[in-house]
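Under our numbering, the first residue of the sequence shown is numbered 165, with each subsequent residue one higher.
We put the CB at the ideal spot given by N, CA and C, even for glycine.
Taking it in order: structure first as structure tokens, then the write-up.
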Amino acid sequence: MHSSQPTYLSVSLGSNNNADRIPPYSQCYGCKRTSQSLMNSFTSFTLSNAGANCDMNRQYESPSQCVSSCNMSNVLTRKLSPIQCGQLSETINDQATKLHLRSELPHLTRRDVTHVRLPFYELLCHTLLENGYHRAFSELFGLHQKQNKERRLAGPESSLWYVPPLAEQPEKVKLMAQHLSEAEAASRRRDAHTVFTSYLTLGLTFKESPDDLWLAEHFFKYTLDTATLITDDDSLKLAIAHQHYGHILQVRGFLEQASVSLKEFYRLTREKFWKDGKGQLLQKVASIYLAENFQSQIHQYPPHYHSDRIMLCRKTHEIALECE
165 MHSSQPTYLS
175 VSLGSNNNAD
185 RIPPYSQCYG
195 CKRTSQSLMN
205 SFTSFTLSNA
215 GANCDMNRQY
225 ESPSQCVSSC
235 NMSNVLTRKL
245 SPIQCGQLSE
255 TINDQATKLH
265 LRSELPHLTR
275 RDVTHVRLPF
285 YELLCHTLLE
295 NGYHRAFSEL
305 FGLHQKQNKE
315 RRLAGPESSL
325 WYVPPLAEQP
335 EKVKLMAQHL
345 SEAEAASRRR
355 DAHTVFTSYL
365 TLGLTFKESP
375 DDLWLAEHFF
385 KYTLDTATLI
395 TDDDSLKLAI
405 AHQHYGHILQ
415 VRGFLEQASV
425 SLKEFYRLTR
435 EKFWKDGKGQ
445 LLQKVASIYL
455 AENFQSQIHQ
465 YPPHYHSDRI
475 MLCRKTHEIA
485 LECE
């Protein structure tokens, strides 16, 4: 009985077999191709005495093999292939290594980056401004501009072009910034003695180098201006300022200007027993400096200036007698 009559399941499936038909890809574009049933693509039916057996057609694409250890969670899907994670793993490892190395580096602020990028001269100028030493910055920047102007006016064939600019001499710039800032801080406290000492130290330091005599003259002039404000030492610092300023002018060849300061130095040291760092009496040093200045002026005058040359010779002789 069961072999001659079809079951209810087979009849219903056979009558509704056209319900799941869709036009194939070829039919949509004018090609003649028979239609396929969506159900038949995934199931097969077998008629038997017990009914229809519905078996799934396990038609899956064979997954492609990954060389490295990949994520195999999508191997059972129909159209997707396994994720190729070899290159992805290398990228992740590289990023992790970079992050680890970056975490070990110290944190750099804008100031730290500035210390690396800017030259020492510009960095020092920024430091002076940040700390409030505007006068020291103006002085340092003015000297730098003055040197560059003299170099341009002299031309590339002059000896000034063989002298390195101040911006390229970090030791000198650092020394000037230190003492200029000390002098500015002392001037705010109205401490003229410290200001005098700072300028005098700079002048004596630059006096030792022939290329820096112009700097020595510049700071000795400041020393003289500051010494006029000191009134509690019996004009000792004023005499020292005239001594160094007059001597540096004489070394640079400005004999007439030097004689003005040297005469004042000679006047201030009369009947005084002041001594310098070497133990010499300042009045004797003043006599020697002034006599040398007069002798240099004698050689500078033309030969037919007899009266002027004779007058300077008499003054030099009088001063030389005092030195004895």
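- Look at Lys439 here: in three-state DSSP terms it is strand.
- Leu413 counts as buried, since no fewer than 16 other beta carbons sit within 10 angstroms of its beta carbon.
- According to the DSSP assignment, His406 belongs to the alpha helix (DSSP H) that extends over Leu400 to Val415.
- Asp376 sits buried, since 16 or more C-beta atoms from the chains shown fall within 10 Å of its C-beta.
- Between Gln461 and Leu445, the beta carbon gap of about 25 Å keeps them out of contact (Cβ cut-off 8 Å).
- Within the DSSP secondary-structure output, Leu445 pairs in a beta bridge with Lys439.
- Between the C-alpha atoms of Thr387 and Phe418 there is a straight-line separation of about 18 Å.
- Between Glu381 and Ser362, the CB-CB gap reaches or exceeds 8 Å.
- Here the C-alpha atom of Lys442 lies approximately 19 Å from the C-alpha atom of Glu435.
- Here Ser267 is exposed: its Cβ has fewer than 16 other Cβ atoms, across all protein chains shown, within 10 Å.
- Residue nearest to Glu286 within the set Phe301, Tyr297 and Glu314 is Phe301 (criterion: CA-CA distance).
- Taking one beta carbon from each stretch, the region 313-325 and the region 333-353 have fewer than 3 pairs nearer than 8 Å; the two do not touch.
- When secondary structure is reduced to three states using DSSP, Ile394 falls in the coil class, being assigned neither helix nor strand.
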